[in-house]
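Worksheet: one structure, shown below.
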Amino acid sequence: MFCPRCGKQSFIEDSFKSFKCSVCSFRIFMNAGAAVIAIIRNDKGEVLFTTRKHAPFAGMLDFPGGFVDYEENAEKALRREIKEELNLQIYDIKYLLSIPNIYEFEGIVYHTLDLVFACKVKDFETIQTDDDVSGFKFIPIDKVSIDDIGLRSAKEIVKILKTTID
Ligand SMILES: [Zn+2]
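By the count of numbering that gives the first Met the number 0, the sequence shown reaches residue 165 at its end, each step adding exactly one.
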C-alpha cells in the first residue's frame with residue numbers, strides 16, 4: 000500500500016490494529032468508533048424500535064441511536080440522535096452495557112463499540128421519524144423476532160432483553 004505521508008509503496012500491516020510505513024515510520028492505529036443505543040419503553044413496557052432507512056440493513060428493525068461525534072459525550076450523542084431520528088426528548092439516562100459491533104457501509108467495515116443506555120421519554124406525542132429512520136414500532140420484547148433485526152449488536156441486545164426480567 001502507498002503511505003499517506005511519504006507516498007512510497009511501503010505502508011504495511013504492523014499488527015492487527017495498526018499499519019506502519021517502513022520508509023518514514025508513519026503509523027496509523029485503528030480503534031473502535033463509539034456509538035450509542037437507546038432502550039426506550041412506553042407505559043405498557045413495550046420497547047421502541049426504529050426501521051432503518053439506509054444500508055446496511057435498510058427496512059430492518061433497529062434501536063434508536065447512532066455514532067458519537069468528535070468532542071461529544073455519550074449522553075449528549077444519545078439525546079441528539081433521539082431528537083434527530085424521532086423528535087423525542089429523553090431523560091433519566093442510565094448506562095446498561097457495551098457491545099462490540101461491525102458496521103459495513105459502502106464496502107468498508109467499521110468496528111464500533113456500542114454503548115447501550117436505558118432512557119425515558121415524558122411525552123411520545125411529538126414522535127416523528129426523520130434522518131436515517133423510516134418508521135417506528137413499539138413491540139413487546141417477547142414478540143420481537145431476531146430475524147427482523149439488522150445489526151449484530153441489536154440482535155445481541157434483544158437476546159439480553161428477552162432474558163432480563165424487569
Ligand atoms: Zn511513509
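Here a beta-carbon is modelled for each residue, glycine too, at the ideal position from N, C-alpha and C. Just so it is clear, the structure is predicted and the values come from calculations on it, not from any experiment.
Limits of the alpha helix (DSSP H) - the one that residue i falls within
i	result
Arg151	151 to 162
Lys19	Taken as a continuous stretch (DSSP letters only), Lys19 belongs to no alpha helix (DSSP H), being part of the beta strand (DSSP E) at 17 to 20.
Buried or exposed (CB count within 10 angstroms, at least 16 for buried), residue i
i	result
Gly64	buried
Arg26	exposed
Leu96	exposed
Thr49	buried
Phe72	Sequence check: residue 72 is Asn here, not Phe. So Asn72 counts as exposed.
Ile145	exposed
Phe1	exposed
Asn30	exposed
Cys5	exposed
Phe104	exposed
Phe167	Nothing about residue 167 can be reported from this structure: the residues present for the chain run from 0 to 165 only.
Ser17	exposed
Glu80	buried
Ser21	exposed
Residue range of the unbroken beta strand (DSSP E) whose run includes residue i
i	result
Leu47	46 to 51
Val35	32 to 39
Asp13	10 to 14
Gly134	132 to 138
Check whether residue i and residue j have beta carbons under 9 Å apart
i	j	result
Val46	Ile39	yes
Glu12	Ile98	no
Gly149	Pro3	no
Ala34	Tyr102	yes
Lys52	Ser133	yes
Ala117	Lys136	no
Cys23	Ser14	no
Any non-hydrogen atom of ligand 3 within 8 Å of residue i CB
i	result
Ser9	The model on display carries ligand 1 but not ligand 3.
Does the segment 136 to 144 come within contact of the segment 103 to 113, defined as at least 3 CB pairs closer than 8 Å? no
Please give me, in chain order, every unbroken run of the beta strand (DSSP E) with length at least 3 that falls completely inside the segment 56 to 124. 64 to 66, 89 to 104, 107 to 120
Three or more beta-carbon pairs under 8 Å between the segment 80 to 94 and the segment 113 to 129, yes or no? yes
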